[in-house]
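Chains as they are written, first to last, in the working numbering: chain A, 1232 to 1471; chain B, 1232 to 1471; chain C, -18 to 56; chain D, 146 to 391; chain E, 140 to 357; chain F, 140 to 357. Glycine is no exception: its CB is placed at the ideal position from the N, C-alpha and C atoms. Source: prediction; values computed, not measured.
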Amino acid sequence: MTTVNTQQSKGVVQDVSFWAGFLATFQRDITLAYRNQGELFNPLIFFLIVITMVPLGITPDPKMLAVLAPGMIWVVALLATLLSLDGLFRSDFEDGTLEQIMLSPNPLYLTVLAKVVVHWLVTGLPLTLLAPVLGVMLSLPAEGYGALLLSLFLGTATLSLIGSIGAALTVGLRKGGLLLSLIVMPLYAPVLIFGASSVSSAIEGIGISSQVAVLGAFLAFGLMLAPFATAGALRVGVNG
Amino acid sequence: MTTVNTQQSKGVVQDVSFWAGFLATFQRDITLAYRNQGELFNPLIFFLIVITMVPLGITPDPKMLAVLAPGMIWVVALLATLLSLDGLFRSDFEDGTLEQIMLSPNPLYLTVLAKVVVHWLVTGLPLTLLAPVLGVMLSLPAEGYGALLLSLFLGTATLSLIGSIGAALTVGLRKGGLLLSLIVMPLYAPVLIFGASSVSSAIEGIGISSQVAVLGAFLAFGLMLAPFATAGALRVGVNG
Amino acid sequence: MQFQFDNLSEFFNMAGHGPYVWVCYLVTFIAIGYLLIAPIRTQKKLLKSYKRQEQVAQSENSDAPASVTEAKQSW
Amino acid sequence: MAWTWFHQLGSPRWFYEKSTAWLPWLISIALILLAVGSIWGLGFAPADAKQGNSYRIIYIHVPAAFLALAGYYIMAISGAIGMIWRMKVSFVVLRAAAPIGAILTFVSLFTGAVWGKPTWGTWWVWDARITSMLILFFLYLGVMALQNAFESEDAANKASAILALVGTVNIPIIYKSVDWWYTLHQPATIKFTEASTIDPSMKYPLLIMVIGFYVLYATALILKTRTEILQKERKAKWVKDLALAS
Amino acid sequence: MGLKLELHNLQCERDDRILFSGLNAVFSAGEVIQIEGPNGSGKTTLLRVLTTLSSDYSGDILFNEQPFSQAKFEFLSNLLFLGHAPGVKKSLTPLENLLWYQRAAGVVSKENLMNALAAVGLAGYEDVACFQLSAGQQRRVALARLYFDPSPLWILDEPFTAIDKKGVAALEALIEKRALAGGIVILTTHQDMAFEGLRKIDLRDYRTQTTMAYEAAQ
Amino acid sequence: MGLKLELHNLQCERDDRILFSGLNAVFSAGEVIQIEGPNGSGKTTLLRVLTTLSSDYSGDILFNEQPFSQAKFEFLSNLLFLGHAPGVKKSLTPLENLLWYQRAAGVVSKENLMNALAAVGLAGYEDVACFQLSAGQQRRVALARLYFDPSPLWILDEPFTAIDKKGVAALEALIEKRALAGGIVILTTHQDMAFEGLRKIDLRDYRTQTTMAYEAAQ
Ligand code: HEM
Ligand SMILES: Nc1ncnc2c1ncn2[C@@H]1O[C@H](COP(=O)(O)OP(=O)(O)OP(=O)(O)O)[C@@H](O)[C@H]1O
Ligand SMILES: Nc1ncnc2c1ncn2[C@@H]1O[C@H](COP(=O)(O)OP(=O)(O)OP(=O)(O)O)[C@@H](O)[C@H]1O
Ligand SMILES: [Mg+2]
Ligand SMILES: [Mg+2]
């Protein structure tokens, strides 16, 4: 029945491609996201509903809303990303998959990167694409849409990367959910500032190249450093 | 070694006081909240941090902030309550405690009520008490503080009650977190509207008695109905 | 260099700014006091409790074997 | 040899015993400096031309703010040393530094807020420096919350060290961003940054207070580190001997 | 009159696959019943039906001659259930966990609790948070309930999971004792149980064509 | 030259309580080692140390004559670990779950997977989401890895949990086969295992008389 060859006893995985762990985890997480479609839409719905609350709670005045819009959309996008981050490693931790990831000889930071990329594809990207709709709901002036799309595109990716560090640090903790917010939010401030202000600048007709450059720099920086920090944090979280 | 008397074989619990389940669960959940102090402070910190994000994203202008303040504080308090709700029955479900609760002959709606009361004591009440500080940070005019305290006091209790229904409905679902938002938010809208508008009215010098009356009515209504709805929802959630 | 106020009550009042100034100094010195005193007190308490534990352990060592609980278990 | 010194410093016992000798000196110096600075600042420094007597808050506000910021770096550096050289004491210092820094940050926020009332007529504005300070406060709280959330002390130390390090990378970015944000939004009505007009006679007590706060910080850090050491090493023989001798 | 639980023509299905059908049985006071069957044969499903947790079945269940739906309160008052998930809060101590069960039942006796914990080998661990216990110790906290809970009807889903041999023996003795005292114990386990009068119900005897596909694959 | 894992003077403690100390052992190719001990004696703790998941120990571990820290990559390349948590995603199907392991190892063979699933009695369940499987079936998904993973070193923490008797027998045969093929299998279980050449290490032998030694060393 079993067709196993144990002959190749030592160092079996050494010849495996550098990216095997990345690709395997990427495929698996995409499948998972597709399987739990609820989760896929949840951040979107959260985004939509909170934005709906704003006129209810604050003011329905379109002029006022137009002023609030860039900041409001950015803040809520940030929250939606943040809240979806809690599950990034949590479920892997609980069902033992994380242990298996750490025991696989594939480089941990690439596996982590795969998970973050999927997270962004599944939350940040849809949020970005939905944002113009919410812009319309909040009477965002026409000049702002381009900047909104571009800044959210770059910004949410950075948010996912930074957030993964926090998610890894809190993975072993019972109900780390809001602790994660505390840890991660201060780190989000620069992204929020440049993201929201790029939209405001675009509306006022000022150039946004400097903000976009900064957001791009954040992203590049995050891509280089965050997976390593996350990998380190996971080692601590699983061990502890 | 064992000192058990099995003589009283049938109907042992029938003579137990109506409130035994309530009291037992109340005590246990208070102990749990005290044990996981992190969780106790988390909604507060979330509240504080999100309020900090608002000026960063929107504007630091005190005049503008004063206009936003009532609605903003209410929306964020609502979010903090909502996010803390996910854990209301989730952990009980996962470790099998919920099954035990449902199999105990104590009335389920009282046990549920105990859990909701503790939830409010541990999130809604501290949020209410912290709100004035955030009012200062958002330059809320002096006239608004009384209404803010009163409306949050009544409102957060209602939010906990309503939210418990949603938490019960989503308890058996993998990662119900944001689905919960979807279910519960529409029900929260009236509370938000009356809560935020009571603060605005107070600032404008209009009487707030009508809003407070409505909030009180919501609370009374919620106290009477929500535990039953939640109990029913739990039966479905555990069975499914 | 000279004292800037005519009398003590003026010193406490500081031309109306007194409450602000004094509250700040009060809070600061309470914080400083806490930073210095709290660890000293904890340290004393720790040493005391260790001393007690150690004395108990020494007296127990002389008459009882380590695994008393073992005997009680039915499992 | 430099390295034996380095490793001795890593030994909790060595640190504990050495610091027993330093402490009385440090405490006295700190208290004297703070007393002299406060009395000078409160009573003998001249009143400010614009702000009157409320400016006397500066003597605690500014030193607290300095130390709050410096404290974060001290915390992060000790975390880094712990991660890299696995030096026992440095994690203990990391644990000790977080609450001290958080308290000093709170003091600077509180005194600033109180100062704002007579000066700007409001307790709080979203000035760049104030906002950065608030974010720094959150960073401290995050490190503390993370430390407390772990059951295993070892994991708590490593996790908070990672967070402190990530925070360190971010602090300059945060400061620059907030600065930039504020200049972008600065409302025309209020102007804050005109502090450099301070008179030299006002500066001496400030200098004394700043030095006093530095010594205070060192003292508090050593004290807290000692209690942490006692807790961590409670099974070690030298601690038991110490307890029996006390 | 003793306890009695009757199953009439019970059938359960999951996703259109009939797990068992035509299950008739009467469980009466003094019996220990082991539900047998390979993995996936429907043991847990059956137990959950018997505890009222699941109402996804066809057929009739009578408790003390009354239909299940009408006798629910009386039934629950007599039931103790331990499932795959132990019902133990990890951040509470063993003592606090058990106290909750006692309080809810209205009878608090700390002494009983301490005895029960000692009986399952957790003396000295009363005040340690449960997350600091090993897998088996955590299950033992839940099993300690068996030592003080007076309910005569026990339904236990794999109670021996993660328990060492001495523990299993003690547990078997306890189960026998409860049955002798007029109780009923219904349990599942994959380990061999050897005591007198053990009654076995093999779910394979009640399977239909579809369930056999599973067997064949083995 | 075959595999070799050496433990020198290994000691683990939890919350100031020394679980075991002075553990010396050499595990070499062809051996099956059962770690024994009652609940809470430190079996899981030991296995997690041996897998590099926990570095909370004192003493030395050598893998193929190299210190553990230096040989980590080589060690992990040879290791298969199954813990208390099975590492199975409930919303994926058994097939998808196993595919991930294969892909990460760089060798994908669907045929092997189907054979492995059939071998653990899950033929016909390949495309059912795992949350629809029973407790034992879910564990079987994880165990299916043993049928296609070529790693020679297995560390298994209570692999027989929730598995029925036939399953246990098949698993035992598999373990023996892996050992004979030059592998090493280290496992814990509370059930009796009877096969030739099984080597047992009882953690109780390493627990007493040690507290003082540790304190003096400090
Ligand atoms: C909550 C409110 C406040 C916070 C958090 C705060 C924070 C700070 C910080 C961090 C510094 C040190 C800056 C540095 O390192 O160079 C500082 C310095 C200073 N603050 Fe504040 N501040 C607050 C309110 C105020 C108010 C209301 C005033 C007076 C009107 C004030 C006047 C000063 C002055 C004069 C300095 C020293 C001069 C300088 O370094 O520029 N601050 N404050
Ligand atoms: N997370 C933890 N924190 C502190 N102590 C722990 C923790 N987990 C386990 N322990 C302690 O370590 C001891 C050994 O636990 P371990 O899980 O290794 O036991 P085990 O031999 O695997 O037992 P079992 O047979 O029940 O699985 C236990 O007595 C427990 O008190
Ligand atoms: N949540 C579910 N949804 C749909 N089908 C399920 C679900 N849980 C179990 N099943 C199916 O019902 C069958 C019986 O499952 P059950 O858990 O009752 O088995 P069991 O006899 O307890 O097995 P084990 O010995 O593994 O615990 C399984 O074959 C499984 O496929
Ligand atoms: Mg089962
Ligand atoms: Mg174990």
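For residue j and residue i, the rounded distance between their alpha carbons
i: Ala224 of chain F; j: Val1364 of chain A; result: 43 Å
i: Ile1396 of chain B; j: Ala1464 of chain B; result: 7 Å
i: Phe115 of chain E; j: Gly322 of chain F; result: Since the first and last residues shown for chain E are 140 and 357, residue 115 of chain E lies out of range.
i: Ile335 of chain D; j: Ala1444 of chain B; result: Per-residue confidence for Ile335 of chain D stands at a pLDDT of 48, beneath the threshold of 50, marking its modelled position as unreliable; the derived number appears in the next sentence. The straight-line gap from Cα to Cα measures roughly 41 Å.
i: Asp1323 of chain A; j: Phe1320 of chain B; result: 21 Å
i: Pro1286 of chain A; j: Val1430 of chain B; result: 15 Å
i: Asn1273 of chain A; j: Leu186 of chain F; result: 39 Å
i: Val1281 of chain A; j: Gly1302 of chain A; result: 13 Å
i: Ile1304 of chain A; j: Leu1413 of chain B; result: 18 Å
i: Gly1453 of chain A; j: Thr232 of chain F; result: 34 Å
i: Tyr218 of chain D; j: Val280 of chain F; result: 49 Å
Buried versus exposed call for residue i [16 or more other C-beta atoms within 10 Å across all chains shown]
i: Phe1384 of chain B; result: buried
i: Ala333 of chain D; result: Because Ala333 of chain D sits at a pLDDT of 48, beneath the cut-off of 50, its placement in the model cannot be relied upon, and the point is left open.
i: Gly1252 of chain B; result: buried
i: Met1455 of chain A; result: exposed
i: Gly384 of chain D; result: Residue identity check: residue 384 of chain D is Val in the sequence provided, not Gly. The residue is buried, with at least 16 neighbouring Cβ atoms inside 10 Å.
i: Thr191 of chain E; result: buried
i: Ile226 of chain D; result: buried
i: Ile1437 of chain B; result: exposed
i: Gly312 of chain D; result: buried
i: Gln24 of chain C; result: buried
i: Tyr1265 of chain A; result: exposed
i: Val1298 of chain B; result: buried
Cutoff 7 Å: residue i Cβ touching any chain C Cβ
i: Ser391 of chain D; result: yes
i: Trp383 of chain D; result: no
Any C-beta of chain E under 7 Å from that of residue i
i: Gln276 of chain F; result: yes
i: Glu1435 of chain B; result: no
Any C-beta of chain B under 7 Å from that of residue i
i: Gly181 of chain E; result: no
Neighbour flag for residue i against chain D, beta carbons, 7 Å
i: Gln39 of chain C; result: no
i: Ser(-10) of chain C; result: no
Chain A contact for residue i (CB, 7 Å cutoff)
i: Trp1305 of chain B; result: yes
i: Ser216 of chain F; result: yes
i: Leu1418 of chain B; result: no
i: Trp326 of chain D; result: yes
Beta carbon proximity, residue i to chain F, threshold 7 Å
i: Pro177 of chain E; result: yes
How about the segment 194 to 204 of chain E and the segment 143 to 155 of chain E: do they share at least three Cβ pairs that are nearer than 8 Å?
yes
Can you give, in chain order, each stretch of the alpha helix (DSSP H) that sits fully within the segment 1347 to 1401 of chain B and has at least 4 residues?
The qualifying runs are 1356 to 1368, 1375 to 1400.
For the segment 201 to 260 of chain F, which segments carrying the beta strand (DSSP E) assignment without a break, of at least 3 residues, lie completely within its bounds, in sequence order?
Listed in chain order, they are 218 to 221.
Using 8 Å as the Cβ pair cut-off and three pairs as the minimum, do the segment 1331 to 1342 of chain B and the segment 1330 to 1341 of chain A touch?
no
Okay, do the segment 213 to 221 of chain F and the segment 252 to 272 of chain F touch, 3+ Cβ pairs below 8 Å being the bar?
no
Counting beta carbon pairs with one atom in the segment 237 to 256 of chain E and one in the segment 306 to 321 of chain E, are three or more of them shorter than 8 Å?
no
Quick one: which unbroken alpha helix (DSSP H) runs of 4-plus residues sit fully inside the segment 292 to 354 of chain E? Chain order, please.
304 to 319
For the segment 243 to 256 of chain D against the segment 1376 to 1390 of chain A, do three or more pairs of beta-carbon atoms, one drawn from each stretch, fall closer than 8 Å, so that the two count as touching?
In short, these stretches do not touch, since the Cβ pair count stays below three.
Stretch-stretch touch, CB-based, cutoff 8 Å, three pairs: the segment 1303 to 1316 of chain B with the segment 1344 to 1355 of chain B:
yes
Is the number of C-beta pairs between the segment 348 to 357 of chain D and the segment -2 to 5 of chain C that are closer than 8 Å three or more?
no
With three or more C-beta pairs closer than 8 Å as the rule, is the segment 1413 to 1423 of chain A touching the segment 287 to 299 of chain D?
yes
Sequence ranges, beta strand (DSSP E) only - wholly within the segment 143 to 180 of chain F, length at least 3
143 to 153, 156 to 167, 171 to 175
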